[in-house]
Amino acid sequence: MRLSGQFARASARAIPQIVTTRYRPHISPLLRRHNKQSHCDSRFADPRRSMSARSHDMEESLRNLDINAAEQFSRDWFGDHANWDHERLLALLYVEDLMPARHLRDFGDYALGGRRPGGGQPSFPLLTTEEWTFLAKPYSEWAPPFFNTSTKSVHDEIGPLFARQRIPDLKSDPHMDFPARLRPLKTKLELGMVPISRDRWLERQMDDPANYRNTFELMKDMYTIFQWYNNEEVLSRTRDAFNWMVGKFVNFERAANARRALNGTTERLDLTGMWFEYWHDAWSNMSNRTHGWIVDRVDEIQEFAFFKYEEALEAAGEDQVAIGEAGKQYYECVQDLRGMLTKLDYTLGIPMTGFKGFTIGSSFTDLTVSQRQDMFRKMFATKPFKHQVAILEAEDKANAEMASTFSSSLSLIDRLEYLKKPAHPRFRDTKNLIGHYHEGKTNRDEIRTALRGIQRLPSQEHWITILRERMDFYAKNKNWKPNHFGFVCYRLTYSETDAEWATFKAKLESDMKRSGEWIQGYDDIAQNASIHFVDGREHNIAEGDIAAAKRHFKSSFTMLPTLGRFWSYDFLVVDKQSYASYSTPKEEEVRPPPPYGPCFGDNGGHIRLVDSVYEELPRDLIDQTAPGYKGEMKVLSTLVFEELYPLLATLSMRPHTLWPCARLHPREVYVGTSDSAQEGWWESNRIDMVALGGGFITHLRTRQAELQARNQ
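In this text, residue positions in the sequence shown follow the working numbering: the first is 1, and each later residue adds one.
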């Protein structure tokens, strides 16, 4: 049952501590060590020793304990949770460029390489390789008479747009604030990637209707992202910047076409049309792939939910309470997801009205969001929803009964207790609930198809298309390991036997190279994904010495950082923590108590990502956008190739922009796209860890001070 008003479920960000933690600070590696054969150890183990003697030895250990080191050890392993929380994550904003510099590079793949983000070939004649180089040369060096008076190049002219310099011709700066926690998801969607791979989806148990809240919250985040894109201020600033930039390319087009005419070339460039087609493809691909993916996921979940409902009805027999519980579980899941999907149906899509190159057509996404929403409402009014109407009437009646029964200021505990009660009798209406499934699915599918049409997507994600093309180029030019792309990984833990290391390495590589189902085209490149291991011992790098590994990496791997090769801006490290995440894995989360949402799949093996250019970043940038970032972070190993590599190698994200999304995790591990249901449970655990861990450290400091004062 969905509650409203005073009965609404509390948001995760406002939930007080209602559970006790299972966490205990672990500082034993920093206690004084004793030889196993020593007299001291035998006395500790001797049950005949007096309690006073044992107490004395414990006090002696505490007196000499380096509490600062113990505290730092705890932070290194479990994170600095006292200085970060969910509220700060939600409040953190980035200044997002509306014309990211990567588009200038990606336009080259389109205009020179002939690769449309939407698949297929461009509709216009391509630039020649020579003409592409002219973009970076002053007009005076290559343009024919009347066009050769400028000593600037096109890149010089548009440079301020990508350097965040003031452009007098633009009334507003081409950037806007955007939530930091949604930036990785937004970037994946911009690249035409699916939000979550099938393996990760199953790890998080998001296929289970009982966990539908994760999907619901993910859909809300998608809605927020596309609402931002459709915001009039964002659209206006993007449009103005786009048109200003295209104007500079039109000047180049005229000069290049004049040169073509002098050389006897009849084909003419149309850079306005090319830029519009490229940009429209990028936005359409983002919208359509996201929409198609979430429609498929909702279809799967609601089909499974209905199947489980029918099973539960058969098992319940005449048990009316069981029938009601089954109906409640089915209806809440399916109705919530369908309602959110309808919002996405009319929100996913970005109009390009007013952009240079735009021509009036009949595309649904050329309309504003409010116009699209109005069309959906009108279409809904033409469809029969008799079962839905009957259910809503019963819901209104039940809400009226509750409003007259309960006070207007129910406490959280009262609301939680209410949720534990048997389902309302209205959920026993099997006829209308079964009818609700069939009529709702049929009607919504028909409306969606009528308004959005049948969307056709490229056979593979665009970053994979470009990666394959570049790998072919590298192979022809005999680059280092031309048939492989991936990361360099340093081994910086040395106490393992050869057999233990081999077992760990096999599991790590298996996690990294698992199936990329739902990532279109991934299977075609999976065999080329590779990790180049470097054993730190062979280069006299001390165990755990990341600074030394960084120096070696920067001096040894100097190739250009680009898609389709081993990534040379950042590297991976297997340290004690990474190894322990496999050798002694943390137990899987149990289902959290209400009102928290599910939080499965977050405790897998991880590896450390090290930013080799961290020292070059401005300190104020880190303080403002990635507080607490120290140039490295932990990443779920299964995300290394399916998510981390494309985000970094397309120059779309940097480690410090991923960091805020990792910091709230109980071990500060980046686990990919997260949602508020997940984050609410993380926050609850964070509160407990800080309360217990901080109190324990404070107690140790107080007790140590007392012992030291007593001996003075």
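Yeah, the Cβ is synthetic: ideal placement off N, Cα and C, and Gly gets one too.
In this text, all values refer to a predicted model and were calculated from it rather than measured experimentally.
Original post:
Of the choices V154, F124, E131, P145, whose alpha-carbon is the least far from that of P138?
Top reply: V154
Subject >> Contiguous alpha helix (DSSP H) assignments of at least 4 residues, all confined to the region 535–569 >> reply: 546–556
Original post:
If you draw a straight line from the C-alpha of R654 to the C-alpha of L648, how long is it?
Top reply: 6 Å
Original post:
Are the beta-carbon atoms belonging to T430 and L313 less than 9 Å from one another?
Top reply: yes
**OP:** For P117, I'd like the list of residues in its chain whose CB is within less than 6 Å of its CB, leaving aside the five on either flank, ordered along the chain.
**Re:** D281, A282, N285, H462
Original post:
Anyone know if the C-beta pair for K576 and S612 falls short of 9 Å?
Top reply: no
Original post:
Buried or exposed: where does I791 fall if 16 or more other Cβ atoms within 10 Å of its Cβ makes it buried?
Top reply: Residue 791 is absent from the model: the chain starts at 1 and stops at 712.
**OP:** Flag this pair as touching only if the region 241–251 and the region 211–223 have three or more C-beta atom pairs under 8 Å; answer yes or no.
**Re:** no
Original post:
Would you call the region 485–492 and the region 538–558 in contact, with 3 or more CB pairs under 8 Å?
Top reply: yes
Original post:
By how many angstroms is the C-alpha of I607 removed from the C-alpha of L636?
Top reply: 6 Å
Original post:
Where does G354 land, buried or exposed, given buried means 16+ other C-beta within 10 angstroms?
Top reply: exposed
Original post:
Where does L127 fall in DSSP's three states?
Top reply: coil
**OP:** Identify, in the order they occur along the chain, each residue of the same chain with its Cβ nearer than 6 Å to the Cβ of Y629, setting aside the five sequence neighbours on each side.
**Re:** I622, H656, W659
Subject >> Separation of R444 from I454, as counted between CA atoms >> reply: 14 Å
Original post:
Going by C-alpha distance, which of L65, D270, Q302, L457 is nearest N211?
Top reply: Q302
Original post:
Below 8 Å, can you find three or more Cβ-Cβ pairs linking the region 325–336 to the region 420–436?
Top reply: yes
Subject >> Local Cβ density within 10 Å of H387, reported as buried at 16 or more and exposed below that >> reply: buried
Original post:
The beta strand (DSSP E) with C489 in it runs from where to where?
Top reply: 485–491
Original post:
Going by Cα to Cα distance, which pick from L271, D675, T638 is closest to D199?
Top reply: T638
Original post:
Would you call the CB atoms of G564 and Y474 closer than 9 Å?
Top reply: yes
**OP:** Pull up the distance between the alpha-carbon of I15 and that of V690, whole angstroms please.
**Re:** Note that I15 has pLDDT 29, beneath the 50 cutoff, so the model's placement of it is unreliable and the number below is only indicative. One C-alpha to the other measures close to 16 Å.
Subject >> Start-end ranges of the alpha helix (DSSP H) lying completely within the region 603–674, minimum 4 residues >> reply: 619–625, 645–649, 655–663
Original post:
Out of E587, L560, T503, I294, which has the shortest C-alpha to C-alpha gap to T650?
Top reply: L560
**OP:** Name the one or two DSSP bridge partners that I531 has.
**Re:** F487
**OP:** Please work out which residues of its chain come closer than 8 Å, Cβ to Cβ, to S123, disregarding the five sequence neighbours upstream and downstream, and give them in chain order.
**Re:** G273, E277
Original post:
Measuring CA to CA, which of D602, A709, R619, R701 is closest to L664?
Top reply: D602
**OP:** Give the DSSP bridge partners of D97, in chain order.
**Re:** H175
Original post:
Can you tell me whether DSSP reads V194 as helix, strand or coil?
Top reply: coil
**OP:** Tell me whether G631 is buried or exposed, calling it buried when 16 or more other Cβ atoms sit within 10 Å of its Cβ.
**Re:** buried
Subject >> Where T133 falls, given that 16 or more other Cβ within 10 Å makes a residue buried >> reply: exposed
Subject >> T365 to L135 span [Cα, whole Å] >> reply: 33 Å
Original post:
Who are F571's beta bridge partners in DSSP?
Top reply: V610
**OP:** Determine the contact status of L235 and P100, defining contact as a CB-CB distance below 9 Å.
**Re:** no
**OP:** Please classify S404: does DSSP put it in a helix, a strand, or coil?
**Re:** helix
**OP:** Please confirm whether any heavy atom of the ligand ATP lies closer than 8 Å to the CB of F134.
**Re:** The ligand ATP is absent from the structure shown, which contains no ligands of any kind.
Original post:
Excluding five sequence neighbours on each side, which residues of the same chain lie with their C-beta closer than 7 Å to the C-beta of I466?
Top reply: D109, R115, L563
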